[in-house]
Each structure stands twice: as structure tokens, then as C-alpha cells.
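*Asks:* Residue numbers (the working numbering), protein chains in the order written: chain V, -16 to 288; chain A, -16 to 288; chain E, -16 to 288. The beta-carbon is built from N, C-alpha and C at its ideal position, and this holds for glycine as well. Structure in C-alpha cells, see below.
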């Protein structure tokens, strides 16, 4: 593994290896002792569009490993503004750093960058493609909180049409055995046809629902995403729909599932739910640190071998 | 001590303990040797409004201790812009970092944050409340330069109505014994009535003056603040007034007092004064480093105990 | 050496000493082992105008040495916006950091800052003056790729009138023995008269050319710079001219010279040239790291002696 561009580049074996390494990283974090595993190494975060949360999560992971970070986010004031190409920028930065986390608005940017970089590239989002580290931390959360990925029943709730996080996780889960999926969304925001076709081709059990109330009691994970007003041509339609996908305390109490959310949350989960044992979204966010530590360490070490 | 939100949360004993620890930090700094006291720890600076100087002072303190920093200042491009609440932001960041320095425009924000954070919160200013670390570094400067805080005579000069720094320091000094205070300001910018009442209730000696010339020769500290044009409804009033509170070389020479200023200075102290031995404002700014080192260290250690 | 403000402050001996130290730094970098040569030290990058590339290069150099960085680039939101002078800013920051890299739009700013700073100042550009570390990395590139500086033949191509990089390098090369220079530019962008006079006074061999085709086959270095449209009063004039100074694959193949460029490149060198062995501009950019490491280390150590 030289770069991490897309979940489609890695198989189940490699995923499990990363999750395993992340578990070790989490244990090291728990000791509260300083680590020097990447001492002297430099991560460059190169963000052509802002994403503070993702950037901070990677920076934290690098620093927890004893490594250092340089940050290039103010692109309007950089060489890019003078007309420099992505390729030239990557060539220069890959002469400074040991690894690059790239976020770019154009689909394919990360793949292109990886062809010109001397050091590993991690895709932190390019266009409509989801960044693979989000998917890996989602998988890690399931593994840690449910104890397994094979055989789980997972319900996706909210915007399933535009939610990149959801598409990438659905794909990744399709690599595991006997996963059952429930897709709960307003009809305007249903899972895209190509993903549905792919699941059918792979013989994966899935069920499309329009309401939380139609959901199998037995589900292990409720993966909630934000429904954005802008997605509806008619604002009235949005107002009508949004309430029905809001997760409330009464709905959650006594259920066996855990609740995940890629964050930021706006109002799709009631604040009162936060205190319930089912709420795992802040833990999920924390799990991004050991997962990204595992990935940074693996890629840098593989590259220097 | 789990958080540092307001000077009103800590007593004289605790203040003296922090000043004492700061003295040790200053001595360690003077050795010029690298420290690893907070190696592997991460400070998050979360600034909902900019304050570069305060941010850099905290970052320097953390790095001098061997710790690391992650910075969230570009809030317009972050999850906050997507509608995330302060509480959610704090919950996520407190999963990344070991301590958070928070600056926020709304009064009470730091207290609220502390109720949801897993890690200590330091208030670096919320609304009209002054940040307590400024007050602690002011006290440290007096201790270092005068040798004691009990029994000092201190004159506050300039904008005493809106100056948060002044209000917080006046309160903190009221915890010490036999402190005498002089308030020198234009009548438009006099010390607020509630603070006056509080001092009377505590039987603290204070004197209100309209001119520097009425000041007791014997004063130990001249604490100067900026008079902002915007504070005057009538610009002519400002022009008339400002000259009389400007500190000039001739006024200072031969006096026994030290001059303090929270900085930035615009023109309320003549540049010629900088070379005089009474000028301590740049030293005061430097003292912010050992004081913040002491606070970071204490809070992180107390939290992990 | 207490500060690095201008190439005119240092002689050939000192230049060679820095290049020598840079060579050692490059060898240390190649070991891939973490360095702690500046552990516990802090570099402050104070940029009154943005220059992301320069800032990242210094930050990388500092971090490779085990040192730390604080960054002050968002000046509109800092004390500067409240009316603080450069001198006060430098006084405060020099109480935080062990060395300052300063970029400022006004000529003479770095020199002024050095008079008030307790710690070394490195000029990263002030007004029309080039920053000396760019020149030192250019010299280092020549030394590493050609094996010597004395006696080289170098051609400068492009905008020789406004190119600060070129002016500073021409001056520095004039300190070496038997250097021959070729100046290839449109007549609107010829080398300024004062530099020409200086070269004549020093008896340095130089030749002015209007076309790449008139160039001596035997040249060792082709130093290419960007021709900016804005430099031409008449846009048609620019369109006519620009093609003739573009470096193409056919021109380069089989030649003995190396190609340098301060970057960013826009379209003055064809992308196809990048793969040819003559292309050294990305290597040149990398060489900025060991050169800046050498300078940071030397200045901090000299200051603490």
C-alpha cells in the first residue's frame, strides 16, 4: 500500500489489518504516555477546500505519534493563486514532507497527485468521492462497539442520495459476510440506483423503508446523516419531511442498536439522546484518531521500507 | 482545579500557588534547555473570534513544555459554519486534545463548554469577561518587579469603564492585603459603579482622579490602558481628552513606579518611554509565557490524577 | 552573524560556510533519523503579506531539526489591526520565540526589526528586496549539481527587470571568481542599468541577448523566471514576446546545462521538460530545506553563545 485514495483499492484483509493496528494505537493512547513512533516525520495537510475537522483529526493523529505537521490551507494566498498546477504543488510539498493528506474539489485529484508524489498521498475527499479514512473509522467503530462486522444489521437514515459517507460505507460493508442493510430516507433522497444494482449483483440483503417505524427491531447500528434543506427543490417539502427522520429519546430508549453519525450534527438527533448509552457518535469521532494513526504509521513505514 | 474560567473561582492561596509555579517555569526557561514536561500532550486553541497574540502566547507556553498544539481559528470554514453547536464542537475537540483554550464572543460560553468537556477548559475571553490568565500574568509581573502584592499602591490610567483587564485585576488585587488603588480617567470612562461599590464593601482604599498630576508620588505601579476613540459619542471630546492621559518621558523620569500595559499599545505611551527602566510592558508580555506554562501544566496534571 | 537581512551583509567566506553546513544537514536528512538539534527552540514566522511556500519551507526546516514553530499570518485579525507598530510586534514576539522569519511589504522593514529584536531576524522578503535564503539555496543548487560556483557560465532567462531573485543571485555570483553571465530577455524586461554598471565596475563578463538561440552552447546553468503579463503596458506586446522565452523539450534535449527556476512555474517551462535530466527546479526547491536548516541552526547557536 503506497497511497490511500479510495476504499476500492483495498480488500477485506487489508481493512482488518488496519483496524487491528488501530486497536493497538488506541491502547497506546490509553497509556497516556508520549509516543515517538513517527518522531522527526512530517505530515503536510494540503487542503484546496476547507475541512477543519478532518484536518484537525489528522494533525492530532500525527502529533500523538510524535510526528510534526505543516499546513497549507490558505490557498488563495499561495503559489496556487499565481497559477501553479496541482502537480507542481504536490511535487514541491512532497520534497518537504513524508506524507500528504490532500483535499481537493475535483474528482480524481488525489489519484492524479499520487502519480507525481514521492511520498504517500491520503485522500481526504476529492469531489463527490468520500475520503476512505472516514469509512475506516466507521468500520472501526462498529468493530469496537458491536464486536464484529460480519453478520451485522445496519440501518442508514437520512440523506442516502448525496451522502458520500454512506455510499462509501455501504460499499465497504459489502466486502463483509452476511451484512443486512436498511435504507430509511424520504423518497427524494433514496439510495442511488447504481449502488442498489451493485448490492443486488453481490446478493446482499437490503430493504428500503420510508419511515423509522418500519425498521426491524433487531438492528445493530443506526447510521444517521443530515438532511440538508438545499437538497429539496421545494422548501415546503423539506419542512414536511425532516421531522420524520429525527432521532428522539423516546424512539431510542430500550433499543439494542448503537447510533452513529459522521458529524457535524445539526438537529437530526435530539440533544437528549446524547446521554443515552446508545449514542456513540462522539466516541466514533474519537476513534478517528487511532484509525488515522494506524494509517499514517503504515503508509510512512511502507514507503521507507 | 479542573478548569480556569474566571478569577472568581480561585482564591488567594491558589493564585499564590500558580505564581510560585510560574517562577519555577521562568527558571526552567532561563536554562535554555528543552523541556519534556508535557511531551505527547496536545493543546487545542479554539477561537471563535480572533486574538492572535493570546493564541501565540498559549501556543508558545505549550511548546516550551514539550507539548503540541492544534489550532481551530478558521471557524467560518468549519463545522460551526454548518450549524454545529459550541457544545458539539467542544465534545469532539475534547476527544482529540488534553486541554482546550477557548475564546468566544458570548458571555458564559467558557462555563458552558466546561460542563461538556472531558478535558480542562481555559477561558481566553468570553464576551465582556476578561480572561483570567491575563490577570494572573499581571499579578506575576507585580510580584516579580515589585517583590510583593500585599501593600502595593497601584494607579490605573485610561479607559476604566470598558477595560476588562482592569476590572479583573482590580478584583484580584482586592483579595490581597492593604492594596491602595488610584483610578485616573476622563469622566466619560470612569470605573463602573458596581466595582466601586464592591471595593467600598470590602473596605479597600481607593481614590478617583481626573489627572496624572493629581497622583500620589509614592505609587508603585502605573497600569496604563488604551483610550479608544469609538468610546466617545463626540470625537471632539476624545481629541480634547486623549493627550492628558498620555505617558511621556518627562513625566516618568525619576519616578519610582513601574509602568505596565496589557498591549497592544497605540499611542498612550510615548516610544521614548520604552528605554526608561520604569517601562515593564514588554517584560510583562514575556511573563505571560511562564504563567501560562504553570497553568497548562497544573490543569493537565490535575485532570490525569 | 546575528541576523540575515541581506546578501550584502555576508561575504564569500560566510556563504561557503553556510553551504558547507547545508551539505551536512542534507546528509542528516538522508539518514531519515529524527534530529533534536533545535529541540525546545521556537521559530516565529511573522508574515505581513502571505507567502505560503516560503513559510512552509522554513517551518519544515525548523521541524526537521526537532524545533517548534509559531505562526503569525492572519495579521488583519491581530494587534497589528489595532494599530500596533512593527517594532512593538517584534518586541513582543522576540519575547516568545528564539528566532523570527519576517516578511513585510516595506523596504527596510527587516533591518528595522533587527534593531529592536532580542533574537535573530531572517528577512523573508521586504518590498523589492529579495530574501537572502532564496539566493543561498540557488547557490547551493549550483554547488550540488555543477560541483562548483567559481568559473560557471550561467544564463538568466525571462523577466530580468523586476525579478528580485535574479538581481540577488547576480550580485552573489559576482563575489565568486570567473563567473560568466548571459542575460536573455525581451527588451522591455532587460537587466536594470545599476546592476549592469556594478558588473562592469567589477570587471565581470556578461552578455545581453534577446533570444535563447543566441546563447552559448556551453552554458552550465539556465536560470528561468516567469514573465508576468502585468509587466507589459500593451497586452499584445506580451503575447508576441512570451513564446520566445518558453523552454521546450526540443531546445533542452542533448544540452549540458541544468535548468533552475525559483517556482512557482506557470507556463514558461513545458511540462515535458520535467522528465529530462536537465530539469533541477524541484530538486532546487528541496534544497531550500537543508539550506534553511543550516541558517536557523547557525543563527540560534550564535545568538546563545
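Name the one or two DSSP bridge partners that residue 87(A) has.
*Replies:* Taking the first residue of the second chain as position 1, residue 87(A) is located at position 104. In DSSP, residue 87(A) forms a bridge with 109(A).
*Asks:* Does residue 82(V) come within less than 8 angstroms of chain E when only Cβ atoms are used?
*Replies:* Translated into positions along the first chain, residue 82(V) becomes position 99. It does not: the Cβ of residue 82(V) has no partner Cβ on chain E nearer than 8 angstroms.
*Asks:* What is the rounded straight-line gap between the Cα of residue 207(A) and the Cα of residue 46(A)?
*Replies:* On the second chain, residue 207(A) is found 224 positions in, with the first residue counted as 1. On the second chain, residue 46(A) is found 63 positions in, with the first residue counted as 1. In a straight line, the C-alpha of residue 207(A) is about 30 angstroms away from that of residue 46(A).
*Asks:* Quick check: residue 290(A) and residue 281(A), are their CB atoms within less than 8 angstroms of each other?
*Replies:* Any question about residue 290(A) goes unanswered here, given that chain A covers just -16 to 288.
*Asks:* By Cβ distance, which residues of its chain are closer than 6 angstroms to residue 163(A), with the 5 residues on each side in sequence left out?
*Replies:* One-based indexing of the second chain puts residue 163(A) at position 180. So the qualifying residues of the chain are 136, 188.
*Asks:* Excluding the 5 residues flanking residue 34(E) on each side, which residues of the same chain have their C-beta closer than 8 angstroms to its C-beta?
*Replies:* The residue given as residue 34(E) occupies position 51 in the third chain. Same-chain partners within the cutoff: 86, 107, 108.
*Asks:* Is there at least one Cβ from chain E nearer than 8 angstroms to residue 75(V)'s Cβ?
*Replies:* Locating residue 75(V) in the first chain gives position 92, counting from the first residue. With 8 angstroms as the cut-off, residue 75(V) counts as an interface residue toward chain E.
*Asks:* Out of 209(V), 228(V), 211(V), 178(V), state which residue places its alpha-carbon closest to the alpha-carbon of residue 194(V).
*Replies:* Residue numbering aside, residue 194(V) sits at position 211 when the first chain is read from its first letter. Of 209(V), 228(V), 211(V), 178(V), the residue nearest in Cα terms is 228(V).
*Asks:* Against chain V, with Cβ distances strictly below 8 angstroms, would residue 287(A) count as a contact?
*Replies:* Translated into positions along the second chain, residue 287(A) becomes position 304. Yes, contact with chain V.
*Asks:* Taking the straight line between their C-alpha atoms, what separation do you get for residue 20(A) and residue 277(A)?
*Replies:* As a working mapping, residue 20(A) is identified with position 37 in the second chain. As a working mapping, residue 277(A) is identified with position 294 in the second chain. The alpha-carbon atoms of residue 20(A) and residue 277(A) are separated by roughly 11 angstroms.
*Asks:* If I measure Cβ to Cβ from residue 245(E) and keep anything under 6 angstroms in the same chain, skipping five residues before and after, which residues do I get?
*Replies:* Here residue 245(E) refers to the residue found at position 262 when the third chain is read from its first residue. Closer than 6 angstroms at the Cβ level, and outside the excluded window around residue 245(E), lie 148.
*Asks:* Who are the near neighbours of residue 286(A) in its chain, counting only those whose CB is closer than 8 angstroms to its CB and skipping five residues on each side?
*Replies:* Position 303 of the second chain, counted from the start, is the residue given in the question as residue 286(A). So the qualifying residues of the chain are -15, 81, 82, 102, 103.
*Asks:* Between the Cα of residue 122(E) and those of 284(E), 138(E), 74(E), 267(E), spot the shortest distance and give me the residue it belongs to.
*Replies:* Taking the third chain and counting its residues from 1, one reaches residue 122(E) at position 139. Among 284(E), 138(E), 74(E), 267(E), the Cα nearest to that of residue 122(E) belongs to 267(E).
*Asks:* Quick check on DSSP: helix, strand or coil for residue 158(A)?
*Replies:* As a working mapping, residue 158(A) is identified with position 175 in the second chain. Note: residue 158(A) maps to coil in three-state DSSP.
*Asks:* What are the boundary residues of the beta strand (DSSP E) that includes residue 136(V)?
*Replies:* One-based indexing of the first chain puts residue 136(V) at position 153. 136 to 140 is the span of the beta strand (DSSP E), which, as asked, contains residue 136(V).
*Asks:* Give a yes or no on whether the C-beta atoms belonging to residue -10(A) and residue 28(A) are separated by under 8 angstroms.
*Replies:* Taking the first residue of the second chain as 1, we reach residue -10(A) at position 7. Taking the first residue of the second chain as 1, we reach residue 28(A) at position 45. The answer is no: Cβ separation not under 8 angstroms.
*Asks:* Let me see if you follow: with CB-CB separation under 8 angstroms, is residue 55(E) close to chain A or not?
*Replies:* Here residue 55(E) refers to the residue found at position 72 when the third chain is read from its first residue. Yes, residue 55(E) counts as interfacial toward chain A.
*Asks:* What three-state label does DSSP hand residue 282(V) in the structure shown?
*Replies:* The residue labelled residue 282(V) in the question sits at position 299 within the first chain. If DSSP states are grouped into helix, strand and coil, residue 282(V) belongs with the helices.
*Asks:* What are the residues in the segment 36 to 47 of chain E lying within 8 angstroms of chain V by C-beta distance?
*Replies:* Those would be 36, 39, 40, 42, 43, 46, 47, in chain order.
*Asks:* Is residue 131(A) close to chain E, meaning its C-beta is less than 8 angstroms from at least one C-beta of that chain?
*Replies:* The residue labelled residue 131(A) in the question sits at position 148 within the second chain. Chain E contact via Cβ: absent.
*Asks:* Contact check, residue 157(A) vs residue 119(A) under 8 angstroms by CB: the rounded distance?
*Replies:* Walking along the second chain from the start, residue 157(A) turns up at place 174. Walking along the second chain from the start, residue 119(A) turns up at place 136. About 15 angstroms separates the two Cβ atoms, so there is no contact after all.
*Asks:* Of all the alpha helix (DSSP H) runs that stay within the bounds of the segment 21 to 66 of chain V, which reach a length of 4 or more residues?
*Replies:* Runs of the alpha helix (DSSP H) inside the segment 21 to 66 of chain V: 35 to 47.
*Asks:* For residue 67(V), count neighbouring Cβ atoms within 10 angstroms of its own Cβ and tell me buried if that reaches 16, exposed if not.
*Replies:* Mapped onto the first chain, residue 67(V) falls at position 84. Burial call: buried.
*Asks:* Just checking: is the beta-carbon of residue 91(A) within a distance shorter than 8 angstroms of some beta-carbon in chain V?
*Replies:* Translated into the one-based positions of the second chain, residue 91(A) becomes position 108. So, not an interface residue.
*Asks:* Which residues of chain E have a Cβ atom closer than 7 angstroms to the Cβ of residue 15(A), listed in chain order?
*Replies:* Start at 1 with the first residue of the second chain, and residue 15(A) comes out as number 32. Under the 7 angstroms cutoff, chain E gives 287.
*Asks:* What is the residue span of the beta strand (DSSP E) that residue 190(V) lies within?
*Replies:* As a first step, residue 190(V) is located in the first chain; it is residue number 207 there, counting from the start. It spans 189 to 192 - the beta strand (DSSP E) in which residue 190(V) sits, taken as one unbroken run.
*Asks:* Could you work out which residues of chain E lie near residue 248(A), taking near to mean beta carbons separated by less than 8 angstroms?
*Replies:* Locating residue 248(A) in the second chain gives position 265, counting from the first residue. Going along chain E in sequence order, the residues near residue 248(A) (Cβ under 8 angstroms) are 67, 71.
*Asks:* Using a threshold of 8 angstroms, state whether the C-beta atoms of residue 178(A) and residue 140(A) are closer than that.
*Replies:* Position 195 of the second chain, counting from 1, holds the residue named residue 178(A). Position 157 of the second chain, counting from 1, holds the residue named residue 140(A). It is not a contact, given that the beta carbons lie outside the stated cut-off.
*Asks:* Distance, Cα to Cα, residue 185(E) vs residue -6(E)?
*Replies:* Taking the first residue of the third chain as 1, we reach residue 185(E) at position 202. Taking the first residue of the third chain as 1, we reach residue -6(E) at position 11. When rounded, the distance between both Cα atoms is 15 angstroms.
*Asks:* Chain V partners of residue 51(A), CB-CB under 7 angstroms?
*Replies:* Here residue 51(A) refers to the residue found at position 68 when the second chain is read from its first residue. Chain V residues near residue 51(A): 46.
*Asks:* With DSSP collapsed to three states, give me the class of residue 126(A).
*Replies:* As a working note, residue 126(A) is residue 143 in the second chain. Note: residue 126(A) maps to helix in three-state DSSP.
*Asks:* Can you give me, in chain order, the residues of the segment 215 to 234 of chain A that have a beta carbon less than 8 angstroms from any beta carbon in chain E?
*Replies:* Going along the segment 215 to 234 of chain A in chain order, one finds no residue with a Cβ nearer than 8 angstroms to chain E.
*Asks:* Give the straight-line distance between the Cα atoms of residue 275(E) and residue 5(E), rounded to the nearest whole angstrom.
*Replies:* By one-based count along the third chain, residue 275(E) stands at place 292. By one-based count along the third chain, residue 5(E) stands at place 22. One C-alpha to the other measures close to 8 angstroms.
*Asks:* Go to residue 164(E), then tell me how far its beta strand (DSSP E) extends in each direction, as first and last residue.
*Replies:* Within the third chain, numbered from 1, the residue matching residue 164(E) stands at position 181. Counting along the chain, the beta strand (DSSP E) containing residue 164(E) begins and ends at 163 to 167.
*Asks:* Tell me the rounded alpha-carbon separation between residue 114(A) and residue -12(A).
*Replies:* In the second chain, residue 114(A) corresponds to position 131, counting from 1. In the second chain, residue -12(A) corresponds to position 5, counting from 1. About 8 angstroms.
*Asks:* Does the beta-carbon of residue 14(V) have 16 or more other beta-carbons within 10 angstroms, so that it is buried, or is it exposed?
*Replies:* The residue labelled residue 14(V) in the question sits at position 31 within the first chain. Residue 14(V) should be labelled exposed.
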